[in-house]
Every structure is written in structure tokens, then in C-alpha cells.
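Residue numbers (my numbering): 2 to 598.
Scroll down for the structure; my scribbles are underneath it.
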Amino acid sequence: MNKYEILNKYFGYSSFRQGQEDLIDGILVGKDVMGIMPTGAGKSICFQVPALMLSGITIVISPLISLMKDQVNSLIQCGVPCAYINGSLSETQITRVMAEMLRGKYKIIYVAPERLETQSFLEVCGQVDISMLCVDEAHCVSQWGHDFRPSYLRIKDFVATLKKRPILCAFTATATQKVREDIISLIGLNNPVTAVTGFDRENLYFEVVRPKDKLVALRRYLDLFSGRSGIVYCSSRKNVDALFEILTKEKYSVTKYHAGLPRQMRKENQDLFINDEKEIIVATNAFGMGIDKSNVGFVIHYNMPGDIESYYQEAGRAGRDGSDADCILLYNGADVRVQRFFIDNPEENDSLSDKEKEEIRRLRLKKLELMVEYCTGNMCLRHYMLRYFGEKAQGRCQNCSVCNGNETSVDVTTQGQKIFSCIKRAGEKENRHTVMCLLKGKENEYIKGKELQKIKTFGAMEDVAESQIMMHLDYFISSGFINADSKGRLSLSEKCRAVLFEGKRIRKLLPKAEKNESEKQSNLDVKLFLKLKLLRKEIAQKSGVPDFIVLTDAVLKNLAVMKPKSEIELSRIQGIAENKVKKYGAVFLNLINKHCS
Ligand code: ADP
């Protein structure tokens, strides 16, 4: 099979993305390669495709064990023979994997860098044909990067122990010139074919806000994005704990993650988020490196990070499956003081001289300055970051809060008409919650008791999320279309007449993210999408894997837009590997057909 056939058969894609092909071709002619590509650009394909074509095994070194299980599960689902070895496995399991490795069962093995120092692993490596060694998150090798891991420095020694030098490849999402040089020299890449792909992530919308009260702003965004999976980043464990507590009390579907939590709890919480059992995870930057969750729909920074690299990497965890996603940064001056404190009180690092420490301090201060400029300046946010990474970017992107202006307006006349009519028909004496239930088409004892389910507008907004209906109600109340009396009963004001009977339209001013949200819901058959999600959940639970490993949200959305009728039409949907069409095609098609008829 050639590389295109492999791409199609195992991964379900019809073409390579920018940069992927150069690196794959490099590997296939036996050269070392280095890929510098932003999160979500598709680094994994660059080594997974050639790994399936080379004669021997590929060893992938990855720093976070949390990631390995998902990546390996996902590959196994696609029919790729692979396994991982790390501290989460028992000794017996490790011995079994290594025995299978010797028997030639696997094409790809994921390991944590520490594994390269264990004798038993070295012995096995001495006996198998290793075609390629792939270093993921390669910036960890450099003290100048933002995530130095000393165990990465041993990779070079490991390679020297092998009888035959494998092809070496290194991948990272962020690398300044100095880090790139370190990657080459400290891992020992030999004149690598290098691909630096555009850092632009068109599907991400960037917004910076400077709210008076961050908590109020956060709630507003969480309500706006409800139903999507998202990360809220804080700069300290204390903030994570406090926010988690507040949001839990307020009944948000939320979990938390930071390095101070017991290991078991970290793992459980992370799984809750990855498996879509909790919508939101509040976390420090300890969460996320290597997390391969493709359907993160938003990333909100409750605090500003210390540099653009960190910000772009963390925000970049949104929208990995290519769907539109929102990256919101809530900024205030206190964030700068916290970051200054981190710089002035760095972690101990004995391997650095005083002079080097001072140089790193200066560098970090400079980076902080540029981060603050991002938050407070008036330049196009996307282009500001692209220039930071050394790309040419001029003009305006029209997809960030600076280009669009935070405030924009949308027409909410139809929503208004439905809501006003519902309030009227219900006798102008029901409260917010009941009106929401009526519009949503939700029966309860109270509604049945008063036979309100019989009114004409019952279920008039059944496709709209409850939180969105509430938001509309609040808007119409605050803008004087609806009156609420002391008991919370809603009635119509004079202003409604013109809308209901004289064709007057209502335009609502709103932040751009909110506009995106209402536009995004237009082509999608929301009901079908929800049904597909439920079916996926059933399948995932039976197979014991996270939902998105069965099919990503982006694929489900495509299905809910395109509604394929046959396996052939299904296989044309981007992102469904041949294996998956075979495995799940029939059940999904069945559901779609039923829904459409
Ligand atoms: P990275 O490691 O660079 O952050 P991944 O390798 O996880 O990114 O890929 C991000 C997403 O892009 C995945 O859902 C992956 O399946 C998808 N992807 C990768 N290559 C392609 C391609 N050629 N065409 C379409 N989607 C792709």
C-alpha cells in the first residue's frame, strides 16, 4: 500500500494536510525529520502513516502517560497493531507487551521517556528491528522551552545503545529558534527535513475581555457554550479549587485537575472530562499536554498565562477536530502580578548557572510583556500571535474580538415572537422557569395540572438549549419587553405590541462568541446530532473507550448535515476510517435512515 492508501484505509482521510507529506516522504527515504506544527495540525499522521510502511517497529516517546492510552485505543480502533508501555501497567502486562513486541506483533509502541532507562526494555530493543524513533513534544528536551523534562536528555544515549540507528523524528507545537536548535542537537537529529506549518488555526475564534467581575463573565460564557465540552484554565491550584466549588454549587457539569490532587483523583477527573461525562474541566496548566480530546469546543482562560507559547498551546486544545471553537481570555491587572511572582520565584534547577538563570529570567519577563500586550493592545489577536511565531501576517483576520469589535448585533425577532406569544397564551402569570419549560416542550406536574401543554406555543423552541432560552428571557426582561412582578410572574409590556402586530424587529447587541453560537446552529440537524451522540455513547461504553474514539464530534456533525444513505456515501465523510465504516456503518446508517423517514 502507498501512503495515500494507508491514509484512507486507516484514518479515513483523502488528502494530506500542509507539511504532512514532506515529512512522510522524508522518513520514507530514510531521513530524520522535525515537524513544528501547532496543536491540531495533525502531527501524529506524519509518523503513523510511515510507521505502517516501514519494515520494523516504530517507538514513540511521549511525556504524558495519560495520552498514550487514548492514542493507542484510537489506533487500535482504526486497525493499527500497537501498544503502550508505562507505569500505569502492571509488571505482568509490561512483560506481555514486550513478549509480543519480540514476536513482531506491533507496528507502533508508545513509551514514556523513563522507560528508555530500564534494563528489560533495553534488552528487548536490542533484539527487535526498530525502524523509527519518534519524539513527541520534543521541546521538552530544552531548558529554554516552557516544559523542560530532564528524562528527555537520555534519548540520545538510548539511540547510541541500538545496533542500527533508526530514523529519528521530532515533533512539537511550539519552538523558538533556540529550542529548535536544542531539539536537533540534544536528540541528535541528522540534518533533518523540517516542516514548519502555518500556525494559523482558522477554526478558532479569539477573544480577550477585561471584565469587571471575572466570575460573572465566566458564567455568561459557560451558559452560552452549554452543551459543549470546554476547559477553564486558572493560574493557581487555589483558583481551580475555588472555581470548582462555586460552579459545582451552581450545578454546572464540572470537574477539576491540578498537580496537587492525588494521582488517582487526577486520573478519574480527567477521564470524566474525556468521556464527556462532565462538560467542563477547571484546571491549571498541568492539564492538557498531550490530551487528545478532539471535541473541546471552548477554552476559557480565567487567568492570563505567562507567555504566548503557553497561551497558544492551551487555547489550541479547542477545536482539534476542525470544528469552530472559541478561545476566550479573561484579563485583569492582577494576572500580571501573579506571573511576575512566578518569574521571581522559579522552581529550583541546579543544572543552571547563575548567569543562565538570570538570562532565563530576562527572557521570561520579555515574554510576559508581549503576553500583556496581546491582552491590552488593539492589534488583530490572531495576527499578533502569528507574528510572534515568526509568520508574516498583515491586516485583519475578521475572526477575533479586536477585528470584529466585541459587540455585534443579531436579529432576535423570531425568538421574541415565540416567547411573547407563549407568555400571552399561558395567561401572563407564569414564571421564567415555567415559560422556559413550555417553550422547550417539557411537561411537569405543574404544567399538566394546569393543562398548559395544550397551548399552541408548547415546544415552539424545542431545538434550543434550555440555557439559551433562559438567556433570551433574561434579555427580553432586561430590555423592557417583558415585565416580571414581585413573585417573578412574567407579562408583556407595551413594547411587545409593535413586535407582535406591527412587524417591528428586535436587534440584540452581543459579544461575537454569542453570534458565532447562533449562526453555527443553522445547517445542523440538531436532533439527529443528539441521537447520533447517544448511539455513539452506547457503542463507546460497550467497547470501553471514550466516545470520540468511536467517532469524533466533527464526524457526527458531518453526518447530521450530510445524512448519508449508503456505506459508499458514508465512506466519503471525512474522518471515518475503512475499519470504522465496517464496524459501525450499519448502525449509524440505520439511525440516520430512521430519523429521515
Ligand atoms: P496534533 O498532534 O498536531 O495536535 P493530531 O495528530 O491529534 O494533531 O491531529 C488533529 C486532528 O486532525 C485529528 O482529529 C486528526 O485525525 C486530524 N487530521 C490529521 N491529519 C488529517 C488529514 N490529512 N485530513 C483530515 N484530518 C486530519
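In this text, a Cβ means the ideal position worked out from N, Cα and C, and glycines have one as well.
Shown here for residue 540: same chain residues with a beta carbon closer than 8 angstroms to its own, the five before and five after excluded, namely 551, 585, 588 in chain order.
For the set 55, 54, 112, the Cα lying nearest the Cα of residue 72 is the one of 112. Setting aside the 5 residues that flank it on each side, residue 143 is surrounded in the same chain by 180, 183, each with a C-beta closer than 6 angstroms to its C-beta; the list follows chain order.
In the DSSP assignment, residue 302 is bridged to 234, 330. When 469, 555, 429, 413 are compared, the shortest CA-CA separation from residue 504 is found for 413. Annotation: residue 118 is outside any alpha helix (DSSP H) and is labelled neither H nor E by DSSP.
If you look at residue 403, you'll find it isn't in any beta strand (DSSP E); it sits in the alpha helix (DSSP H) that goes 402-405. Rounded to whole angstroms, the gap between the alpha carbons of residue 335 and residue 306 is 12 angstroms. Taking 3 residues as the minimum length, the beta strand (DSSP E) runs contained wholly in the region 239-283 are 255-258, in order along the chain.
In terms of Cα proximity to residue 478, the closest of 216, 404, 424, 391 is 424. A distance criterion of 6 angstroms places the beta-carbon of residue 45 in contact range of the ligand ADP, judged by its closest non-hydrogen atom. The Cβ atoms of residue 426 and residue 456 sit closer than 7 angstroms to each other.
Its Cα nearest to that of residue 340, the residue 311 stands out among 323, 322, 353, 311.
Distance from residue 167 to residue 132 at the Cβ level is roughly 6 angstroms; contact confirmed, criterion being Cβ atoms closer than 8 angstroms. Contact check for residue 13 against residue 576 passes: the beta carbons are separated by less than 7 angstroms. Taking 6 angstroms as the cut-off, the C-beta of residue 20 does not count as close to any heavy atom of the ligand ADP. Judged by DSSP secondary structure, residue 222 falls within the alpha helix (DSSP H) whose first and last residues are 215-225. Between residue 158 and residue 63, the C-beta gap is not smaller than 7 angstroms, which leaves the two residues out of contact. Pairwise C-beta distances place the region 242-252 in contact with the region 266-284, as three or more of them are shorter than 8 angstroms.
Residue 195 is bridged by DSSP to 35. With a 10 Å radius around the Cβ and a threshold of 16 neighbouring Cβ atoms, residue 562 comes out exposed. Note on residue 59: 16 or more other CB atoms within 10 angstroms of its CB, so buried under the neighbour-count rule. Look at residue 99 here: in three-state DSSP terms it is helix. Look at residue 133 here: in three-state DSSP terms it is strand. Residue 208 sits away from residue 95, with the two beta carbons spaced by 7 angstroms or more. The bridge partners DSSP lists for residue 493 are 483. Its chain contains 557 as the residues whose beta carbon lies nearer than 7 angstroms to that of residue 534, once the 5 sequence neighbours on both sides are disregarded; these appear in chain order. Distances from the CA of residue 555 to each of 462, 298, 261 were compared; the closest alpha carbon is that of 298. Cβ atoms of residue 81 and residue 103 stay farther apart than 8 angstroms, at about 19 angstroms.
In the structure shown, residue 574 falls within a coil segment according to DSSP collapsed to helix, strand and coil. In its chain, beyond the 5 residues on either side, 532, 533, 536 have a beta carbon closer than 7 angstroms to the beta carbon of residue 592.
Under the 10 Å beta carbon count, residue 236 is surrounded by 16 or more other beta carbons and is classified as buried.
Beta-bridge partners assigned by DSSP to residue 297: 230. Minimum Cα-Cα distance from residue 2 among the listed residues 54, 36, 429 corresponds to 54. For residue 438, the uninterrupted alpha helix (DSSP H) segment begins and ends at 433-441. Closest by C-alpha distance to residue 594, out of 371, 578, 579, 570, is 570.
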